[in-house]
Structures are given as structure tokens and as C-alpha cells.
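Note that the sequence shown ends on residue 393 in my numbering; no numbers are left out. Glycine included, each C-beta is placed from N, C-alpha and C at the ideal position.
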Amino acid sequence: MPVSKRDFYEVLGVARDAADKDIRAAYRKLARRYHPDVCDEPDAHERFQEIGEAYAVLSDAERRAHYDRFGHVGPGGVGFDMPTDIFDLFQSVVGGFGFGHERVASGSDLEHPLPISLEDVATGFSTEIAVGRFAHCEACGGEGAEPGSSREQCTTCRGLGRVRYRQSAMLLTFTQEAECPDCSGTGVRILNPCKACRGAGRARVTERVQVQVPPGVQDGQRIRYHGGGDAGPLGARAGDLYVAIRVRPHEVFVRRGSDLVCEVEVAFPQAALGDIIEVPGILKPHELTIPHGTQHGDALIVRGGGLPELRRPERRGDLHVLIRVAVPRRLNKAQRKALEQLAHAMDLDVRPQDSGLRSKISEVLGG
Ligand SMILES: [Zn+2]
Ligand SMILES: [Zn+2]
Numbered sequence: 027m028p029v030s031k032r033d034f035y036e037v038l039g040v041a042r043d044a045a046d047k048d049i050r051a052a053y054r055k056l057a058r059r060y061h062p063d064v065c066d067e068p069d070a071h072e073r074f075q076e077i078g079e080a081y082a083v084l085s086d087a088e089r090r091a092h093y094d095r096f097g098h099v100g101p102g103g104v105g106f107d108m109p110t111d112i113f114d115l116f117q118s119v120v121g122g123f124g125f126g127h128e129r130v131a132s133g134s135d136l137e138h139p140l141p142i143s144l145e146d147v148a149t150g151f152s153t154e155i156a157v158g159r160f161a162h163c164e165a166c167g168g169e170g171a172e173p174g175s176s177r178e179q180c181t182t183c184r185g186l187g188r189v190r191y192r193q194s195a196m197l198l199t200f201t202q203e204a205e206c207p208d209c210s211g212t213g214v215r216i217l218n219p220c221k222a223c224r225g226a227g228r229a230r231v232t233e234r235v236q237v238q239v240p241p242g243v244q245d246g247q248r249i250r251y252h253g254g255g256d257a258g259p260l261g262a263r264a265g266d267l268y269v270a271i272r273v274r275p276h277e278v279f280v281r282r283g284s285d286l287v288c289e290v291e292v293a294f295p296q297a298a299l300g301d302i303i304e305v306p307g308i309l310k311p312h313e314l315t316i317p318h319g320t321q322h323g324d325a326l327i328v329r330g331g332g333l334p335e336l337r338r339p340e341r342r343g344d345l346h347v348l349i350r351v352a353v354p355r356r357l358n359k360a361q362r363k364a365l366e367q368l369a370h371a372m373d374l375d376v377r378p379q380d381s382g383l384r385s386k387i388s389e390v391l392g393g
């Protein structure tokens with residue numbers, strides 16, 4: 027979910043005075059493209075959610091008028107709540123992709139954290155993870171019935187898994203739907219349960235999953251593996267596996283989007299005269315020109331020294347090098363003499379102090 031909501035018209039790519047049929051057409055097109063079952067992009071689910079919310083508001087004359095007047099937040103600070111399930115919305119407007127998109131009693135989604143380094147972000151990263159999940163029982167093929175025996179349709183819900191009931195309140199009648207209590211939403215009754223899974227249709231396994239992390243991935247981003255979550259009971263659709271990327275903090279670099287920031291110390295003469303130095307890079311060091319007269323705290327930029335952009339890895343961010351001008355803590359005789367001469371040449375009337383210890387002693391002794 028985006029932190030600040032985008033404009034609903036912008037989300038659907040339609041004009042503010044768009045006709046209902048254009049809004050519907052835009053929704054159908056975008057929803058088919060970003061449906062998480064067919065779209066592999068890491069933010070597909072968020073996009074799909076956003077598109078569904080936009081359509082749910084703009085397709086309803088009353089809610090659209092309200093949105094046009096007040097925007098995302100209505101009077102009293104109340105935003106639009108979403109009474110509509112975005113998948114149900116998709117089902118009713120688009121009607122699916124032509125294959126059974128069953129959402130009844132599907133398995134749970136799983137999340138698996140994957141810590142990676144900033145270097146991994148720069149190059150992309152491939153690894154294998156072990157995921158503990160429910161898989162369909164092999165003995166019964168997930169059916170839950172002992173092989174050779176049959177499953178019967180649940181008579182309460184006639185195999186639908188859901189029951190509807192009507193409810194009246196304040197002159198309005200609602201039709202509500204709930205999971206069928208007699209078959210726990212599965213729509214079937216099993217007379218002779220499978221011995222291997224005791225009729226559950228699924229069993230716990232550990233599976234190895236090959237994970238491909240794209241270059242430029244952000245901390246907190248999730249990679250979705252359709253059907254990689256827990257298998258549903260009695261052969262129902264499996265949930266999804268989400269691999270959640272955790273980018274470990276780096277010793278040298280701080281990340282700002284696709285840019286990197288680091289700090290480099292230079293000596294006063296380098297800052298004053300200019301120099302060419304080597305600075306750390308995420309994959310290899312860079313050569314950096316320090317212009318003469320560089321100040322403490324100046325930021326110098328190595329173009330393209332940052333991280334690749336997600337989905338456009340040929341484009342890279344920059345490296346920002348913050349310059350620290352270091353003051354030497356100790357001076358040998360020659361350095362001290364040279365600095366005194368510099369001070370003289372700069373018309374500075376300096377009164378050099380010896381070590382901090384000595385000046386403390388003289389303070390204590392009163393001069
Ligand atoms: Zn079984
Ligand atoms: Zn039932």
C-alpha cells in the first residue's frame with residue numbers, strides 16, 4: 027500500500043470527466059495486466075489493490091462525487107473504507123482469465139525473510155532457500171479421500187463452499203455470504219479419509235526454492251511466488267510464498283534510493299590545492315578529482331557510482347562523496363615549520379599552543 031495515496035483518476039489513467047464506460051474499460055485493462063496471478067512484478071499486488079480501490083470509488087456515482095469534492099479523506103477525516111474484496115471485484119467486472127480462479131478455502135500465504143548485502147543489490151543475487159510448507163498429500167493427490175473411494179458434494183452448500191443469507195437493518199436488506207459451516211468451505215464431504223493425511227489432503231514438507239533477486243531491489247520489497255505458500259485443504263488452491271528482502275546496513279555506504287553516500291577524509295593541503303584520489307565504490311574503487319578550494323562538508327559526485335535501478339538496471343544512481351577535511355593531531359618539526367610559514371604567508375597572527383596536556387597544566391598552575 028503506498029504511503030500517500032495516488033489520485034484515483036491518475037491510477038486508472040483517465041480524465042476527471044471520463045465516462046463510466048471509459049473508467050470500466052481502463053479498469054479491465056489494468057486489472058488484467060496487474061492481477062498478481064499473472065503479473066510477476068514485485069509490487070503487482072499493491073498495484074492491483076490500488077487499481078481496484080480506484081475503480082470501486084469511481085464506478086459508483088455517489089462515491090465518485092464525494093471523492094471529487096473531498097479527495098481521499100472525507101469530512102471528519104474518514105477515508106474511503108473498502109467494503110469490496112478486490113479479487114471479487116475483479117471476478118465480477120472482468121470475469122477471470124478463463125481458468126478457474128477459486129478462492130474458497132485456499133491455503134495460507136507464507137513469508138520468508140532473506141537478508142542480503144548492498145553488494146548483492148548492486149549485482150543481483152541468486153540463492154536457494156528451504157521453505158517449510160503444507161503440500162498436497164501425494165497419497166490422495168490432495169483430495170483427502172482414500173484412493174479408490176469417493177468424495178461427495180456437501181449438501182448444505184451444494185458444493186459451493188459458501189452460504190448466502192439475507193439480513194435486514196434500517197430499511198435495507200443485505201445479502202451476506204459466509205463459509206459453509208458443514209464443510210468448512212471445501213464444498214465436499216469425505217466418507218473414507220486418506221490414511222496418509224487423515225483426510226486433510228495436505229502434509230508438511232520442506233522444499234527448496236530457487237530465488238532470483240533482481241539488481242536494485244529495495245529493503246522491505248517482497249518477491250512473490252505464485253502457489254508457493256501452503257497448499258489449501260482438500261486440493262484447494264495454494265497460497266503464495268513471499269520472499270521478503272532485508273538489505274543489511276553497510277559499513278561504508280548509506281543508500282538513498284539508487285544513490286549511495288559515503289564519507290572520505292582528505293588532508294587540508296589536498297582540499298586547498300586539489301588532488302586526484304581513490305574513493306571506495308560498491309563493487310570497485312573510483313577515481314575522484316578533488317577541486318582546489320574544496321570545503322569540509324562538500325559533496326562530490328561520482329556519476330553512475332550508485333546502484334542499478336530496479337527494472338532498468340542499465341541506469342545507475344550516483345555516488346555522493348562527503349568530504350571531511352582532517353586536521354592533523356600531531357605534527358613533526360618540518361610540518362610544524364611549514365604550517366607556521368603558511369600562517370605567516372596568510373597574515374595570520376597565530377599563537378600556537380602545545381599539546382592539550384601542557385596547556386591544561388599551565389591552566390592549573392595559573393599560567
Ligand atoms: Zn492424503
Ligand atoms: Zn458445504
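C-alpha distance - residue i paired with residue j, whole-angstrom precision
i, j, result
"Leu299", "Gly332", "27 Å"
"Pro378", "Leu365", "10 Å"
"Gly246", "Asp63", "21 Å"
"Glu291", "Lys363", "23 Å"
"Gln367", "Phe151", "56 Å"
"Ala41", "Arg159", "46 Å"
"Gln296", "His318", "8 Å"
"Gly39", "Asp114", "22 Å"
"Gly261", "Arg228", "8 Å"
"Glu128", "Arg263", "At Glu128 the pLDDT is 43, less than 50, meaning the model places this residue with poor confidence; the figure from the coordinates comes in the next sentence. C-alpha separation (whole angstroms): 7 Å."
"Pro207", "Ser134", "19 Å"
"Asp48", "Val239", "37 Å"
"Tyr93", "Leu84", "8 Å"
"Cys220", "Ala171", "5 Å"
"Pro68", "Val120", "22 Å"
"Gly103", "Gln75", "Here the model assigns Gly103 a pLDDT of 39, short of 50, so the residue's position is not dependable and the matter cannot be decided."
"Ala360", "His346", "35 Å"
"Lys31", "Asp146", "31 Å"
"Cys65", "Arg337", "14 Å"
"His370", "Leu309", "45 Å"
"Glu304", "Leu374", "33 Å"
"Asp218", "Gly255", "The sequence shown places Asn at residue 218, rather than the Asp named in the question. In a straight line, the C-alpha of Asn218 is about 27 Å away from that of Gly255."
Residue nearest to residue i in terms of C-alpha spacing, selected from the options
i, options, result
"Arg282", "Asp324, Pro317, His312 and Arg342", "Arg342"
"Asp344", "Val280, Met372 and Val231", "Val280"
"His322", "Asp301, Ala293, Pro334 and Val305", "Ala293"
"Cys180", "Ala148, Gly213, Val269 and Glu88", "Gly213"
"Leu326", "Leu348, Arg338, Val305 and Tyr53", "Leu348"
"Gly97", "Glu304, Phe34 and Arg54", "Phe34"
"Gly78", "Glu88, Pro68, Arg95 and Ala51", "Ala51"
"Tyr268", "Glu340, Val287, Val237 and Val189", "Val237"
"Ala161", "Leu198, Asp266 and Tyr60", "Asp266"
"Ala352", "Ala371, Pro334 and Glu289", "Glu289"
"Ala82", "Ser118, Tyr60 and Arg59", "Ser118"
"Arg73", "Leu84, Arg59 and Asp86", "Arg59"
"Arg177", "Asp285, Leu198 and Gly225", "Gly225"
"Glu340", "Cys209, Val37, Ser284 and Val328", "Ser284"
"Gly187", "Leu198, Leu357, Ser210 and Gly253", "Ser210"
Close Cβ partners of residue i (< 6 Å) along its chain, the five nearest in sequence each way excluded
i, result
"Gly307", "Gly331"
"Phe116", "Ala57"
Nonlocal neighbours in the same chain, by C-beta distance under 8 Å from residue i, ignoring five residues either side
i, result
"His71", "Pro62 and Arg250"
Minimum Cβ-Cβ distance from residue i to chain C less than 8 Å
i, result
"Ala264", "Given the protein chain composition of this structure (a single chain), no chain C is represented."
Same chain, Cβ closer than 7 Å to residue i, neighbours up to 5 away in sequence not counted
i, result
"Tyr191", "Gln202"
"Lys376", "One detail in the question is off: residue 376 reads as Val in this sequence, not Lys. If we look at Val376 and ignore the five residues flanking it on each side, its Cβ neighbours are Ala369."
Q) Can you list, in chain order, every residue whose CB sits closer than 5 Å to a heavy atom of ligand 2? A) Answer in sequence order: Cys180, Thr182, Cys183, Cys206, Asp208 and Cys209.
Q: Check whether the segment 265 to 275 touches the segment 141 to 151, taking contact to mean three or more Cβ pairs, one atom from each stretch, closer than 8 Å.
A: Taking 8 Å as the limit for Cβ pairs, the verdict is that the segment 141 to 151 does touch the segment 265 to 275.
Q) In chain order, what residues place their C-beta within less than 5 Å of a heavy atom belonging to ligand 1? A) Selection output, chain order preserved: Cys163, Ala165, Cys166, Cys220, Ala222 and Cys223.
Q: Pair every Cβ in the segment 153 to 169 with every Cβ in the segment 179 to 193, then say whether three or more of these pairs are closer than 8 Å.
A: The segment 153 to 169 is not in contact with the segment 179 to 193.
Q) Would the segment 188 to 203 and the segment 229 to 242 be scored as touching if the rule is three or more Cβ pairs under 8 Å? A) The answer is no - the segment 229 to 242 does not touch the segment 188 to 203, with fewer than three Cβ pairs under 8 Å.
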